[in-house]
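Going by the numbering used here, the first residue of the sequence shown is number 232, and it counts up by one from there.
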Amino acid sequence: MPEPIVAHVVGTVALLGAAVLVVAAITAAYQLYYMQTLNLMLAEVAESCARELVELVSVHTLGGSGVTYMALTVPSSLAGQPYNLSIVSRGDNVIEVRAQLQLYRQVRVVVTPNFGRGPVYAVPGTVRLGDLELSNYILIPTPQGWRAMLVAVNQGDAVLVGFATQLGPLERPGSPSFKLVGWAQQVSGLAGSERLFTFAVWNRGSAGRALVKVLNETGATLGSVELTVGSGEVVRGAIPLKLPGAPGAYIWMVECWNLVNGTLDDAQSLSVEVLRLSAVFAESISGLPNSEVPFEVVLINEDGTDWTAHVQFVDREASCAATVPAGGNSTCTLLIKLPSNPGQYTWKLRVEVPETGYKEDYDVYIHVKRLDAALRIAELNRSVVGAVDQWVRLVVVVNNTWSSDVNASLLVVDSSGATVAAWSGVVGASSTLPIDLAARLPSLKGEYTWYVRAYRQDSGEPEDEELVRVEARDVVLVRTAFYVEGFDSPPSGWHPRGGEWLVTSGGWSGGALQGRDDDNGPGGSLGKGGRRYVSAYYWAQNIWNYVDPVSGFSAVAKLYFGSGDSNVYRGFALLDSGLSKLYEVSVFRLGQSASLFLWKLEGGWGVLAKSSEVGCREGWYTLYVSFSLSSTANLVGELYDSSGRQLASVSWSTSASFEPVHLALMVDEKVGVFDELVVASGDARYVVVKGLPQGWRAELYLGGSLVASATADSSGTAWLLTAHYPVLRGATLVLKDSGGGQALSRAFELIVGGDVFEFTSR
232 MPEPIVAHVV GTVALLGAAV LVVAAITAAY QLYYMQTLNL MLAEVAESCA RELVELVSVH
292 TLGGSGVTYM ALTVPSSLAG QPYNLSIVSR GDNVIEVRAQ LQLYRQVRVV VTPNFGRGPV
352 YAVPGTVRLG DLELSNYILI PTPQGWRAML VAVNQGDAVL VGFATQLGPL ERPGSPSFKL
412 VGWAQQVSGL AGSERLFTFA VWNRGSAGRA LVKVLNETGA TLGSVELTVG SGEVVRGAIP
472 LKLPGAPGAY IWMVECWNLV NGTLDDAQSL SVEVLRLSAV FAESISGLPN SEVPFEVVLI
532 NEDGTDWTAH VQFVDREASC AATVPAGGNS TCTLLIKLPS NPGQYTWKLR VEVPETGYKE
592 DYDVYIHVKR LDAALRIAEL NRSVVGAVDQ WVRLVVVVNN TWSSDVNASL LVVDSSGATV
652 AAWSGVVGAS STLPIDLAAR LPSLKGEYTW YVRAYRQDSG EPEDEELVRV EARDVVLVRT
712 AFYVEGFDSP PSGWHPRGGE WLVTSGGWSG GALQGRDDDN GPGGSLGKGG RRYVSAYYWA
772 QNIWNYVDPV SGFSAVAKLY FGSGDSNVYR GFALLDSGLS KLYEVSVFRL GQSASLFLWK
832 LEGGWGVLAK SSEVGCREGW YTLYVSFSLS STANLVGELY DSSGRQLASV SWSTSASFEP
892 VHLALMVDEK VGVFDELVVA SGDARYVVVK GLPQGWRAEL YLGGSLVASA TADSSGTAWL
952 LTAHYPVLRG ATLVLKDSGG GQALSRAFEL IVGGDVFEFT SR
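So, in structure tokens, the structure goes:
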């Protein structure tokens with residue numbers, strides 16, 4: 232048996248050992264938690280730096296300054312420990328952001344936006360540019376009195392970004408100077424609903440306060456917010472907006488006021504689209520006295536939010552409710568009881584969303600039939616759609632409920648009581664009779680109501696009556712072309728980039744543009760020691776002032792190949808702002824054959840795509856190009872002969888390394904002749920007619936000759952290929968119904984590719 236003192240010592244040691252193990256476990260758990268926390272904080276820093284880098288490049292490439300700086304809003308330390316940030320280029324406009332603390336590293340890869348500038352790169356190492364010193368690395372915290380900055384600066388055709396290690400004159404910013412950046416350019420929602428308008432304010436001067444407010448079309452303030460924005464900072468904000476109660480499109484203004492000096496520093500337009508909760512239903516109900524009739528209303532929600540709608544007939548018991556999903560539809564059914572007395576009634580149907588206050592009323596025509604009526608209208612086409620002044624067919628089926636013949640008459644009258652169509656005859660005993668009526672639609676486009684009434688010839692009161700909804704439609708032109716040039720005289724706003732350019736005779740229609748290559752335009756290495764230079768004639772306007780780069784643009788032009796033209800390129804060039812880089816869509820002719828090429832010039836030449844050879848004899852051809860720019864550049868070229876037959880097509884899509892801003896015509900080797908240029912936000916190859924009933928056909932005539940024709944597809948759209956006739960002067964648009972009869976003929980002084988005709992009653 233051990234001595235008591237020994238046992239005590241052994242027990243104490245055991246307890247101390249257990250305590251040490253517990254402390255070690257707690258310490259390890261704390262250390263693990265601490266490490267995880269540091270890593271999480273580091274991840275947030277990397278994310279913040281990457282986001283602010285994207286904001287910096289957006290502001291820089293949208294603005295006109297050569298240098299843009301922005302305060303880096305990251306913590307001065309992580310749990311009291313310093314850390315470093317660095318950036319590395321991974322390609323054109325692709326930058327890797329690294330945040331590092333001891334053993335931990337967080338990496339974010341960002342694709343920077345680019346609005347009209349060259350490619351964006353991280354500065355390699357440390358570079359001094361005038362008074363500014365940029366580095367791809369910075370240690371946080373910075374020395375006392377310094378502030379970590381992100382800087383973007385132009386260098387040649389490129390944009391360099393880095394951290395400022397010496398601020399120079401930027402250490403002493405002047406008074407605040409605010410600019411709206413990253414604002415929502417459109418707000419849409421259900422009438423009466425509330426939407427949040429989001430934006431950001433960038434301060435290019437010293438710290439100060441800004442007031443951002445939204446004004447409607449009358450100048451009334453709808454909402455505002457004050458922000459404190461430090462020097463170089465970007466601060467986000469939001470303003471709740473109550474949308475108008477009336478559906479439609481509105482243009483509001485967003486103003487950014489400098490509260491330090493009382494000036495309006497920036498103002499931008501805000502597009503507002505107020506949506507309705509569309510209701511589709513039968514606009515007329517008929518039945519016997521006191522009968523119950525189910526009435527269905529289909530509710531269509533174009534908004535991005537689910538809404539619960541209430542539907543009821545005003546001052547009636549019938550009502551229902553339905554939740555309509557965002558972008559979807561729901562059906563609401565009311566069981567209505569017709570009045571006890573025969574006759575005609577107009578009930579008011581109301582659709583409302585209590586949550587927003589949205590309310591819209593519709594008229595529903597109610598016809599209660601007579602119990603003792605001999606004649607009843609059993610069937611008819613309840614809606615008629617056609618062109619203004621068009622003769623249309625009405626088919627009415629009349630039922631004789633008596634056991635003897637009835638001398639009957641039918642009258643179709645408009646809302647003023649004027650007779651539109653009439654018929655008289657005998658309806659046999661206990662039989663039905665289909666009656667064909669011809670009626671002429673009104674001469675003015677619009678929506679109308681006609682009434683079909685059945686009479687016994689020995690009575691002045693109608694036996695039965697039904698309603699017909701009538702749409703008289705006409706074409707409304709929407710022109711998507713923003714530039715049309717016939718080259719009958721020297722075009723204004725065009726400049727040569729190499730070559731000799733002049734207007735000459737002998738064009739496709741009137742004059743033509745002729746360019747002679749002199750190898751003094753854009754060019755570069757062709758590989759294997761060769762070099763290539765083209766001559767371009769460019770439109771000085773920035774094409775993105777007219778269209779959104781994401782949706783892009785298209786263009787068509789006529790070009791001529793003569794009998795002696797061989798070994799020559801002719802086509803389009805898309806030039807950057809420096810006029811040294813370009814995309815080219817051109818036709819290369821060699822002998823009696825040709826190929827379609829897509830070229831890219833960026834330092835040196837590269838062929839992006841090439842078509843197979845096609846026959847190319849002497850004559851006029853049409854070249855088509857389309858280009859769009861988002862995260863990728865998308866380029867398409869097509870060649871058409873004089874009859875509109877497509878001969879060749881090429882396309883290319885990849886990450887964009889530069890942004891073209893000028894459209895040009897180009898020639899390489901010898902002479903190029905061009906005519907009838909059309910540039911459009913729509914598809915310049917087609918004239919489009921929308922809103923056609925099923926089976927209708929659209930035709931285009933020039934001087935009595937058919938140029939293009941197309942039948943409406945399932946959406947009611949007819950696509951008329953006019954690539955071979957980009958510009959039609961003195962043309963006629965003819966619409967034919969499903970039976971082949973001419974419904975409408977309209978003459979126009981000018982129709983060009985990209986034109987869209989809406990066949991509408993509105």
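Every residue gets a Cβ at the ideal spot worked out from N, C-alpha and C, and that includes glycine.
Within the same chain, Cβ atoms closer than 7 Å to the Cβ of Gly-737 are found at Ala-743, the five residues on either side in sequence being excluded. In the three-state scheme derived from DSSP, where H, G and I count as helix and E and B as strand, His-955 is classed as coil. Your pair Asn-434 and Ser-408 checks out as a contact, with CB atoms roughly 7 Å apart and the cut at 8 Å.
The C-beta separation of Tyr-686 from Ala-639 comes to about 7 Å, placing the pair in contact by the 8 Å criterion. Between the region 656 to 669 and the region 713 to 732, the count of C-beta pairs closer than 8 Å stays below three; the two stretches do not touch.
The region 459 to 500 is shown to contain whole beta strand (DSSP E) runs of 3 or more residues at 465 to 473, 479 to 489, in chain order. Under DSSP, the beta-bridge partners assigned to Ile-567 are Val-524. Counting only residues of its own chain and dropping the five nearest sequence neighbours on each side, Leu-565 has a CB closer than 6 Å to the CB of Phe-526, Ala-549, Cys-551.
Nearest C-alpha to Gly-691 among Asp-645, Tyr-679, Val-707, Leu-641: Leu-641. In this structure, Asn-367 sits near Ser-317, with a CB-CB distance shorter than 8 Å.
Between Leu-675 and Ala-703, the C-beta spacing is below 8 Å.
Taking the Cα of Ile-774 as reference, the smallest distance to any Cα among Ala-887, Leu-757, Gly-558, Leu-894 is reached at Leu-894.
In the same chain as Phe-544, and ignoring 5 residues on each side of it, the C-beta atoms closer than 8 Å to its own belong to Ser-550, Leu-565, Ile-567, Trp-578, Lys-579, Leu-580, Arg-581, Val-595, in chain order.
Your pair Trp-851 and Trp-739 checks out as a contact, with CB atoms roughly 5 Å apart and the cut at 8 Å. Within the region 529 to 576, the complete beta strand (DSSP E) segments at least 3 residues long are 538 to 544, 550 to 555, 560 to 568, listed from N- to C-terminus. Under DSSP, the beta-bridge partners assigned to Val-623 are Ala-670. Inside the region 732 to 805, DSSP marks whole beta strand (DSSP E) runs of 3 or more residues at positions 743 to 747, 754 to 758, 761 to 764, 766 to 770, 784 to 792, from first to last along the chain.
In this chain, the beta strand (DSSP E) harbouring Gly-850 covers 850 to 860.
If you ignore the 5 residues before and after Gly-349, its C-beta comes within less than 7 Å of the C-beta of Asp-388, Ala-389, Val-390, Phe-889, all in its own chain and listed in chain order.
Between the alpha carbons of Asp-914 and Pro-891 lies a distance of about 19 Å. Under the DSSP assignment, Glu-989 falls in the beta strand (DSSP E) whose first and last residues are 986 to 991. Lys-759 is classed as exposed because its beta carbon has fewer than 16 other beta carbons within 10 Å across all chains shown. Around the beta carbon of Val-637, 16 or more other beta carbons lie within 10 angstroms, which makes this residue buried. Proximity of the region 417 to 426 to the region 502 to 512 meets the contact definition, three or more beta-carbon pairs being nearer than 8 Å. Per the DSSP secondary-structure output, Asp-645 pairs in a beta bridge with Trp-681. Sequence-distant partners of Trp-488 (beyond 5 residues in either direction) whose C-beta falls short of 6 Å from its own C-beta, in its chain, are Leu-442, Leu-495. Proximity to Gln-312 across Val-290, Tyr-335, Thr-299, Ser-797 peaks at Tyr-335, based on C-alpha coordinates.
When the five nearest sequence neighbours on each side are left out, the beta carbons in the same chain lying within less than 6 Å of the beta carbon of Val-781 are those of Ser-861, in order along the chain.
Every beta strand (DSSP E) of 3 residues or more that sits fully in the region 691 to 728 is shown, in chain order, as 693 to 710, 712 to 716, 725 to 728.
In this structure, the alpha-carbon of Val-298 lies about 37 Å from that of Asp-749. In the same chain as Leu-908, and ignoring 5 residues on each side of it, the C-beta atoms closer than 6 Å to its own belong to Glu-716, Ala-788, in chain order. Inclusion of Pro-753 and Ala-771 in the CB contact set at 8 Å is not warranted, their separation being larger than that value.
Cβ neighbours of Tyr-314 within its own chain (closer than 6 Å, five residues either side excluded): Leu-332, Ile-371. Collapsing the DSSP output to three states places Ala-639 in a strand. Exposure of Thr-562 is indicated by the presence of fewer than 16 other C-beta atoms within 10 angstroms of its C-beta. In the three-state reduction of the DSSP assignment, Ala-943 falls in the coil class, being assigned neither a helical nor a strand state.
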